[in-house]
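Below is one structure, written out as C-alpha cells; comments come after it.
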Amino acid sequence: MRIVADNLDSMKLNQRIRKASGSVLIDRCFGQRYIGSGSKDKKITIYGTPGNALGSYLDGATIIVHGNGQDMIGDTMNSGEIVIHGNAGDGLGYAMRGGMIFVRGSAGCRAGIHMKQYQDQKPALVIGGKAGSFLGEYMAGGMIIVLGLGIEDAPVGDFTGTGMHGGCIYIRTNRELAGLPAQVHSEIAAWEDKQEILPLLLRFGAHFGCDGRALADDRYYLLKPNTARPYAQLYTKN
Amino acid sequence: MNLIYPEFEVARNTERCTKCGICVKQCPNGVHALKVDPTTGEQKLAADDSRCVDCQRCVVFCPVRALKIVKSGNVYRENAYWAQKTINEIHLQAEHSGVLLSSMGSPEPYPVYFDRILLNASQVTNPPIDPLREPMETRVSLGAKPKTIERDPAGRIVNNLGPQIELSLPVMFSAMSYGSISLNAHESLARAAEELGIMYNAGEGGLHESLYKYGRNTIVQVASGRFGVHPDYLNCGAAIEIKMGQGAKPGIGGHLPGTKIGADISRTRMIPEGTDAISPAPHHDIYSIEDLRQLVFSLKEATDYQKPVIVKIAAVHNAAAIASGIARSGADIIAIDGFRGGTGAAPTRIRDHVGIPIELALASVDQRLREEGIRDSVSLVVGGGIRSSADVVKAVALGADSVYIGTAALVALGCRLCRNCHAGRCAWGIATQDPELVKRLNPNTGYKRLVNLVRGWQHEIQEMMGGMGINAIESLRGNRLMLRGIGLNERELEILGIKHAGE
Chain L
32 MRIVADNLDS
42 MKLNQRIRKA
52 SGSVLIDRCF
62 GQRYIGSGSK
72 DKKITIYGTP
82 GNALGSYLDG
92 ATIIVHGNGQ
102 DMIGDTMNSG
112 EIVIHGNAGD
122 GLGYAMRGGM
132 IFVRGSAGCR
142 AGIHMKQYQD
152 QKPALVIGGK
162 AGSFLGEYMA
172 GGMIIVLGLG
182 IEDAPVGDFT
192 GTGMHGGCIY
202 IRTNRELAGL
212 PAQVHSEIAA
222 WEDKQEILPL
232 LLRFGAHFGC
242 DGRALADDRY
252 YLLKPNTARP
262 YAQLYTKN
Chain P
3 MNLIYPEFEV
13 ARNTERCTKC
23 GICVKQCPNG
33 VHALKVDPTT
43 GEQKLAADDS
53 RCVDCQRCVV
63 FCPVRALKIV
73 KSGNVYRENA
83 YWAQKTINEI
93 HLQAEHSGVL
103 LSSMGSPEPY
113 PVYFDRILLN
123 ASQVTNPPID
133 PLREPMETRV
143 SLGAKPKTIE
153 RDPAGRIVNN
163 LGPQIELSLP
173 VMFSAMSYGS
183 ISLNAHESLA
193 RAAEELGIMY
203 NAGEGGLHES
213 LYKYGRNTIV
223 QVASGRFGVH
233 PDYLNCGAAI
243 EIKMGQGAKP
253 GIGGHLPGTK
263 IGADISRTRM
273 IPEGTDAISP
283 APHHDIYSIE
293 DLRQLVFSLK
303 EATDYQKPVI
313 VKIAAVHNAA
323 AIASGIARSG
333 ADIIAIDGFR
343 GGTGAAPTRI
353 RDHVGIPIEL
363 ALASVDQRLR
373 EEGIRDSVSL
383 VVGGGIRSSA
393 DVVKAVALGA
403 DSVYIGTAAL
413 VALGCRLCRN
423 CHAGRCAWGI
433 ATQDPELVKR
443 LNPNTGYKRL
453 VNLVRGWQHE
463 IQEMMGGMGI
473 NAIESLRGNR
483 LMLRGIGLNE
493 RELEILGIKH
503 AGE
C-alpha cells in the first residue's frame, strides 16, 4: 500500500498506516510524527523526513527511512528493526530493550540513553557517522556501535556513558578517547571482542552497501561500566 | 561500636512470656533471640534493641501480649535548637558518609491544612439527606470533557467524549511499583480495585504477567526509565500515567537497588538482574510542554487514542502554572502529589524539605484552571496525605475529581509506618522481595481489608455529603462554600479560596 503523506496530519497518516496490513510505502513524508508507534508486524518504508518519535514502542515491525529521521526514533522500542539512510536526531533508541537500529549517518545527543537488556532481549544500535554528547547515558544493557565513517575528529561528543551501569559501547576511531566519566572502563577491543559485533557490522554493510567485514579489522574502543550498581555507596540508612 | 543509643526498647513482661519463640520467628531484623543462661542452663529470651525498627510485628503476634515497644527514653541534654534526631543524623553521616535515606511520607510537624478545614452541614433550610434512605451518587468519570456539543447534519448529538475512566467513588490506589512493594501487595490492590470498581496504579516498575487480568482496573505508568513499558502493557491498562514527579521526592528520581532485582522483577521491569534500576528525575526527552505533548501523543498513538493519559507531578511552588501547561499538552488527567506522599525510599532532606502541601497546591491549580477556562479539559487527581474519608471530602470540595491513596492502603494491608521500607525487610510482607516475608501478606485477606476500608470510607463520604444536603459528588467538586478554615491567616484562606469559620 502506498500513501502520499504530503499535508496529512500525523493522526490521519497514522490511522491509515494502522489500518493497512503487510507493507506500507509512505511517500513525500513531511515531518509527520509517531509513524509506526507500537507497530508489531508491518514493513514501513518512508521516503522523505518522518517527524519525532518514529517507531516509538516498536514491537516487531520494520521501518526503513530513505532520508533523515528526527528526534526520539525508536523510543522504548521492544523489538523489530529501524534503518535510517541518513542522519538521526536526539534521543535515538531511548530506553530500547530489544530490536536493532541502524543509522547510516550521524546521531544527535543522548543516543541509546536508558538502553537496557534482560533475559534474551538485547538491543543493538549502530551509528555510521558520529554520535552527539551523552551517548549511552544511564545505559543498562545492549550494545551501541559508533563507526565514525568519514569523521575526522572524535566520533563521539562529551560525557559518553555517563551513569552507565550495563551493556557496552564500541567506538571505531584511531584517535585517543579522552574525558570519559568515572563510571566507564575503556580499553582497545581485542579480536574476540570484535567478533561479538561482526554480525551487526555485516548487517550494517548489507543495509548501506559497504564492506562490513572489513570494518571489523579496524581499531575500536570498548566501553563497559565499572559497576552494575553505581549508587550502592551513595546512601546511609536513616 | 554503634554511637547512637537505640531509639526503641523492647519491653517484655517476663511473667506473661511463655518463651514460645514466636517473636524470634516473626522479627525480620533479628531483635529477639532465645538464649541459654550458661550458669543456670535456663532458657531466656533476649532482645537486641539496636535492631528494632518498631514495626510492631512481634507485639501483634505475641499470643500472651507480653511485648510492647517503647521509646528507649535515653535523652541528650535538652536543646531547643539541636534536637536529638538532628544530632543522631550528624553522627550517622559522620560515620558512614552518604545521603541520608528515609521511607514513607515526611513525619515532620508542618501544618496540616486538612485539619484546619471544617465541613458544612445543612440545618432547617436545604435539609440534610439520609444516605440510608435516599440515593447518593459517588460515581465519577475522569478524563477531558468536551467543550461544545457537536451535532451531525441531521441534528443528532455526536458523541465527542474522549476516553474516560469510571470510578464508583473518587478514590484510587496510588502508584506503587512492583519492586518497591511485593507482588502479594500488588495483587491485593488489583483485586480490591476490581471489586470496588476503582483503579489501582501499577507504578513505574511494569506489570507482572499474573496481574494483566486486572487491566480494566489498572493504571499503567511510564517514567523516565521506561521500566516494563511495551505496547501490550500500555494497551492492557485503563489509563496511562506519565510520571514526571512524586510528592515525597520532587526533582529526584528513583534508584531501586540491584539487590532487590531478582528474576521476576527483572522480567517485569525489562532490566538486567542484580543491577540498579535507575529512574532519573528528568525525562531526557522532555524540556518543555511541547515535549511533554509529544510523549502524551506518542502514548495515545501507541494505544489508538483509546486510553486517557494522566500526567503526574509533585506539588511544587509553581504547580498552578505547570498544571496549566499540562492541561494544554493533550493530557486528559493531571495528578498532583503532595509533599506528605509516601515512598519506598527517598533522601531524607528532599522528603522533608521539598514540595508543598497538597491542599494548597490543589486549591491554586483548580483556581488557575478555572480562571483560564480550561478546568474541564482535564480532571484533577490529588494524592500525598489523604488519611481518611474526611480528607477525601475536603479535597473534592477544594476542586479534586478524585484522590489517590497510597499510605492509607498500605496501612490497611498491615503497615505500621515504621518507615523502614528502604531496608527491604518489611515484617508485614509489603515493602520486601524476600519470599519468606512476602508470604506473610496473603492477598486473599489483603484485598478484603482494602475493600473494607474503602467501602467504609464510601459510606462516610455519603454521610458527609448527605449532611451538606448534596446527593451527588459532582455537586461537591470545587464547592468551596462547604469549607471553612479554622486558625488560618488571611493569606492561607485566600489561597485555599475559603472563608474562616464564623464567616
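Protein chains in written order, with my numbering: chain L, 32 to 269; chain P, 3 to 505. Every residue, glycine too, gets a C-beta built ideally from N, C-alpha and C. Computed from a predicted structure; not experimentally measured.
Among the options, nearest to residue i - alpha-carbon criterion
i: residue 172 of chain P; options: P/405, P/299, P/487 and P/45; result: P/405
i: residue 38 of chain L; options: L/76, L/201, L/253 and L/63; result: L/63
i: residue 382 of chain P; options: P/333, P/477 and P/413; result: P/333
i: residue 265 of chain P; options: P/107, P/276 and P/99; result: P/276
i: residue 379 of chain P; options: P/79, P/314, P/489 and P/147; result: P/147
i: residue 225 of chain P; options: P/64, P/237, P/78 and P/242; result: P/242
i: residue 79 of chain L; options: L/195, L/171, L/242 and L/66; result: L/66
i: residue 255 of chain L; options: L/242, L/131 and L/216; result: L/216
i: residue 114 of chain L; options: L/230, L/97 and L/121; result: L/97
i: residue 134 of chain L; options: L/260, L/123 and L/127; result: L/123
i: residue 417 of chain P; options: P/402, P/473, P/390 and P/448; result: P/448
i: residue 247 of chain L; options: L/229, L/267, L/240 and L/214; result: L/229
i: residue 167 of chain L; options: P/389, P/286 and P/411; result: P/286
i: residue 75 of chain P; options: P/19, P/348 and P/10; result: P/10
i: residue 7 of chain P; options: P/50, P/484 and P/43; result: P/50
i: residue 42 of chain L; options: P/349, P/301 and P/326; result: P/301
i: residue 31 of chain P; options: P/476, P/485, P/434 and P/467; result: P/434
i: residue 412 of chain P; options: P/402, P/303, P/372 and P/455; result: P/455
Rounded straight-line distance, which links the Cα of residue j to that of residue i
i: residue 118 of chain P; j: residue 107 of chain L; result: 45 angstroms
i: residue 196 of chain P; j: residue 218 of chain P; result: 8 angstroms
i: residue 219 of chain L; j: residue 209 of chain P; result: 40 angstroms
i: residue 145 of chain L; j: residue 279 of chain P; result: 10 angstroms
i: residue 220 of chain P; j: residue 201 of chain P; result: 5 angstroms
i: residue 88 of chain L; j: residue 331 of chain P; result: 20 angstroms
i: residue 92 of chain L; j: residue 75 of chain L; result: 8 angstroms
i: residue 212 of chain L; j: residue 162 of chain L; result: 16 angstroms
i: residue 90 of chain L; j: residue 185 of chain P; result: 26 angstroms
i: residue 33 of chain L; j: residue 137 of chain L; result: 28 angstroms
i: residue 245 of chain L; j: residue 267 of chain P; result: 41 angstroms
i: residue 73 of chain L; j: residue 105 of chain L; result: 15 angstroms
i: residue 261 of chain L; j: residue 249 of chain L; result: 31 angstroms
i: residue 271 of chain L; j: residue 156 of chain L; result: Nothing in the structure corresponds to residue 271 of chain L, since chain L is present only between 32 and 269.
i: residue 316 of chain P; j: residue 345 of chain P; result: 13 angstroms
i: residue 62 of chain P; j: residue 90 of chain P; result: 29 angstroms
i: residue 128 of chain L; j: residue 273 of chain P; result: 8 angstroms
i: residue 257 of chain L; j: residue 214 of chain L; result: 5 angstroms
For residue i, three-class secondary structure by DSSP
i: residue 136 of chain P; result: coil
i: residue 166 of chain L; result: coil
i: residue 368 of chain P; result: helix
i: residue 250 of chain P; result: coil
i: residue 93 of chain L; result: strand
i: residue 202 of chain P; result: strand
i: residue 297 of chain P; result: helix
i: residue 214 of chain P; result: helix
i: residue 466 of chain P; result: helix
i: residue 223 of chain L; result: helix
i: residue 21 of chain P; result: coil
Residue i: CB within 7 angstroms of a non-hydrogen atom of the ligand FAD
i: residue 237 of chain P; result: The ligand FAD is absent from the structure shown, which contains no ligand whatsoever.
Strand pairing of residue i, partner residues [DSSP]
i: residue 61 of chain L; result: L/80
i: residue 29 of chain L; result: The structure shown does not extend to residue 29 of chain L, since chain L spans only 32 to 269, so no value can be given for it.
i: residue 312 of chain P; result: P/243 and P/335
i: residue 407 of chain P; result: P/175
i: residue 48 of chain P; result: P/35
Proximity of residue i and residue j at Cβ, strictly below 8 angstroms
i: residue 152 of chain L; j: residue 198 of chain L; result: no
i: residue 173 of chain L; j: residue 204 of chain L; result: no
i: residue 123 of chain P; j: residue 130 of chain P; result: yes
i: residue 420 of chain P; j: residue 66 of chain P; result: no
i: residue 102 of chain P; j: residue 181 of chain P; result: no
i: residue 191 of chain P; j: residue 167 of chain P; result: no
i: residue 498 of chain P; j: residue 347 of chain P; result: no
i: residue 229 of chain P; j: residue 281 of chain P; result: yes
i: residue 297 of chain P; j: residue 254 of chain P; result: no
i: residue 150 of chain L; j: residue 153 of chain P; result: no
i: residue 78 of chain P; j: residue 359 of chain P; result: no
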